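In what follows, a single structure is set out as structure tokens and then discussed.
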Amino acid sequence: MDFSEWYSSILERAEIFDVRYPIKGCGVYLPYGFKIRKYTFEILRKLLDESNHEETLFPLLIPETLLKKESEHIKGFEEEVYWVTHGGSKELDVKLALRPTSETSIYYMMKLWVKVHTDLPIKIYQIVNTFRYETKHTRPLIRLREIMTFKEAHTAHATEEEAEEQVKEAINIYKKFFDSIGIPYLISKRPEWDKFPGAKYTIAFDTIFPDGRAIQIGTIHNLGQHFSKAFEIIFETPIGEHDFAYQTCYGISDRAIASIIAIHGDEKGLILPPTVAPYQIVIIPLIFKGKEEEVLNKAKEIYQMLKDKFRVYLDDRDLRPGKKFNEWELKGVPLRIEIGPKDIENKKITLFRRDTLEKFQVDENNIEEIEKTLNNIIENLKKRAWEKFENNIYIVENLDDVKKYLEEKKGIVLVPYDENIYNQKLEEIVEGTILGVTEYKGNKYISIAKTY
Ligand code: A5A
Numbered sequence: 132m133d134f135s136e137w138y139s140s141i142l143e144r145a146e147i148f149d150v151r152y153p154i155k156g157c158g159v160y161l162p163y164g165f166k167i168r169k170y171t172f173e174i175l176r177k178l179l180d181e182s183n184h185e186e187t188l189f190p191l192l193i194p195e196t197l198l199k200k201e202s203e204h205i206k207g208f209e210e211e212v213y214w215v216t217h218g219g220s221k222e223l224d225v226k227l228a229l230r231p232t233s234e235t236s237i238y239y240m241m242k243l244w245v246k247v248h249t250d251l252p253i254k255i256y257q258i259v260n261t262f263r264y265e266t267k268h269t270r271p272l273i274r275l276r277e278i279m280t281f282k283e284a285h286t287a288h289a290t291e292e293e294a295e296e297q298v299k300e301a302i303n304i305y306k307k308f309f310d311s312i313g314i315p316y317l318i319s320k321r322p323e324w325d326k327f328p329g330a331k332y333t334i335a336f337d338t339i340f341p342d343g344r345a346i347q348i349g350t351i352h353n354l355g356q357h358f359s360k361a362f363e364i365i366f367e368t369p370i371g372e373h374d375f376a377y378q379t380c381y382g383i384s385d386r387a388i389a390s391i392i393a394i395h396g397d398e399k400g401l402i403l404p405p406t407v408a409p410y411q412i413v414i415i416p417l418i419f420k421g422k423e424e425e426v427l428n429k430a431k432e433i434y435q436m437l438k439d440k441f442r443v444y445l446d447d448r449d450l451r452p453g454k455k456f457n458e459w460e461l462k463g464v465p466l467r468i469e470i471g472p473k474d475i476e477n478k479k480i481t482l483f484r485r486d487t488l489e490k491f492q493v494d495e496n497n498i499e500e501i502e503k504t505l506n507n508i509i510e511n512l513k514k515r516a517w518e519k520f521e522n523n524i525y526i527v528e529n530l531d532d533v534k535k536y537l538e539e540k541k542g543i544v545l546v547p548y549d550e551n552i553y554n555q556k557l558e559e560i561v562e563g564t565i566l567g568v569t570e571y572k573g574n575k576y577i578s579i580a581k582t583y
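Residue 132 is where the sequence shown starts when you use the numbering used here, and the numbers rise one by one after that.
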């Protein structure tokens, strides 16, 4: 089965995202998918909160006048904006945009908040839906027109150096985030023509999907003073002069969920990292005639023992165990505990690892072993994903080889850094996109790939 088919089928069968909503590029997070989303973004939330970011919530609507204040920004987004033009049957005096991203609404308010250098830094974020009238082929959770989960952080600083430091902090936060869900990445500085509209420069995280194409899973932008000048975010410096704030912003979207699905899954279905699995453990009692109560009671006992420490589901539905096995394998539950009369006799439980498909027994009260196994699963998923990722990175000498590798192998091709290559749009030469300048194992390259 090709990747795209597999991906669509998993979204449906594992009950993650229902694409049948009657608007192109929109869909519905189903309860199971919503839980994966919740745990995934809880990790990101925690990382941001721990590094002194504060969560906020801004309006969805942006007046046209604000959206157009920074000229590069609006140039970049012009063709992607959805407009609200009417209130009922009355035409609005000022059109309202559905936010494609929130620089303009947030920075309008920052101007009001910032007066002196002691008001800085500001480090805020929100997790909201944003709208982009994407013209490229839309794909569920990968290229949405209503981006359902858009985590955008926005910062303002008193010095350029501090903004640079903020970019570094953001890179580290994103590294930790992707590490905790086992998603490998290459970090590149995007070329001028591909930076975020209004930014001084853009740093991007890209990963590789099973079809060999690269996908941008997060971006960090140093905005310099472009927006603070347009929005007049001015502060008094310690020596009584005035300066415009130095700003950064960075974002991660539903693509994080798409990556978890695409990168860890296999032919049986999802494989969820325990860090984000709605159920880290599912307990399945193996009911035999005459032993029903004994088995069920033991299963409940084990459930009680684990429930405060892990996200556990006791599946005592009246279904054949085989059917339950298949269902939870499809849904990617990292660890299954089977309890049958034989196990009870031996004071054991049987564990099944979704990642390696290994089955083994441990003592029935061995919580440490269960915890260790869950930790091993995330480590193994991460290791496996990185190995596959690195196997799809090719270092070549020249553009002819770039072309050859992109056609034959896909993945990401690295060619030694050369300013002439970097500054042109490569599309005419090779059928790929320049991801940017990349440091890989200590050397400087230009990264090129076919992308989403
Ligand atoms: N305000 C900044 C952070 C911003 O908007 N940056 S961005 O345009 O690069 O978007 C942030 C991230 O959202 C991207 O790196 C990409 O991973 C994701 N993204 C962008 N468009 C998307 C879409 N249509 N569907 C899903 N994710 C998208």
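Virtual Cβ for every residue (Gly too), placed ideally from N, Cα, C.
Everything numeric in this text was worked out from a predicted model, so none of it was measured.
- Between the alpha carbons of residue 486 and residue 250 lies a gap of roughly 49 angstroms.
- Per the coordinates, the alpha-carbon of residue 433 lies some 19 angstroms from the alpha-carbon of residue 506.
- Residue pairing by DSSP places residue 375 opposite 365 in a beta bridge.
- Counting along the chain, residue 142 sits inside the alpha helix (DSSP H) bounded by residues 134 to 144.
- Taking non-hydrogen atoms of ligand 1 into account, the C-beta of residue 201 is found less than 6 angstroms away from none of them.
- Annotated as distal: residue 333 and residue 346, with beta-carbon spacing of 7 angstroms or more.
- Residue 394: not part of any beta strand (DSSP E); member of the alpha helix (DSSP H) spanning 386 to 395, first to last residue.
- By the 16-neighbour rule on beta-carbons within 10 angstroms, residue 366 is buried.
- Around the beta carbon of residue 384, a 10 Å sphere encloses 16 or more other beta carbons of the protein chains shown; the residue is thus reported as buried.
- In this structure residue 466 touches residue 482 by the C-beta definition: roughly 6 angstroms separates them, less than 8 angstroms.
- Fewer than three beta-carbon pairs drawn from the stretch 536 to 549 and the stretch 286 to 303 are found closer than 8 angstroms, and the two stretches are therefore not classed as touching.
- Distances between the C-beta of residue 278 and the heavy atoms of ligand 1 include at least one below 6 angstroms.
- Comparing C-alpha distances from residue 446 to each of 470, 358, 425 shows the shortest one belongs to 470.
- The stretch 160 to 180 and the stretch 227 to 234 do not touch, with fewer than three beta-carbon pairs separated by less than 8 angstroms.
- In the DSSP secondary-structure assignment, residue 574 is bridged to 571.
- Fewer than three pairs of CB atoms, one per stretch, sit closer than 8 angstroms, so the stretch 563 to 575 makes no contact with the stretch 304 to 311.
- Rounded to the nearest angstrom, the gap between the Cα atoms of residue 263 and residue 211 is 5 angstroms.
- Nearest C-alpha to residue 476 among 501, 437, 510, 426: 426.
- Secondary structure note for residue 507: its alpha helix (DSSP H) is the uninterrupted segment 498 to 522.
- Judged by DSSP in its simplified three-state form, residue 233 adopts coil rather than helix or strand.
- Three or more pairs of CB atoms, one per stretch, sit closer than 8 angstroms, so the stretch 188 to 200 contacts the stretch 235 to 247.
- With contacts defined as CB atoms closer than 7 angstroms, residue 403 and residue 349 fail to qualify as a contacting pair.
- Annotation for residue 435: no beta strand (DSSP E) segment contains it, though the alpha helix (DSSP H) segment containing it runs 423 to 437.
- Residue 284 is positioned such that its CB atom lies closer than 7 angstroms to that of residue 381.
- Out of 575, 484, 405, the CA that lies nearest to the CA of residue 527 is found in 575.
- Contact between residue 254 and residue 303 is ruled out by a C-beta separation of about 14 angstroms, above the 8 angstroms threshold.
- Of the candidates 240, 202, 277, 140, 277 places its Cα closest to the Cα of residue 153.
- Distance from the CA atom of residue 177 to the CA atom of residue 167, rounded to whole angstroms, is 16 angstroms.
- Between residue 354 and residue 330 the beta-carbon gap is near 5 angstroms, inside 8 angstroms, which marks them as a contact.
- Residue side-chain check: residue 270 keeps its Cβ at 6 angstroms or more from all non-hydrogen atoms of ligand 1.
- With fewer than 16 other Cβ atoms inside 10 Å of its own Cβ, residue 186 counts as exposed.
- In this model, residue 536 and residue 566 are separated by some 16 angstroms (Cα to Cα).
- At least one heavy atom of ligand 1 is found less than 6 angstroms from the C-beta of residue 380.
- Rounded to whole angstroms, the gap between the alpha carbons of residue 291 and residue 323 is 20 angstroms.
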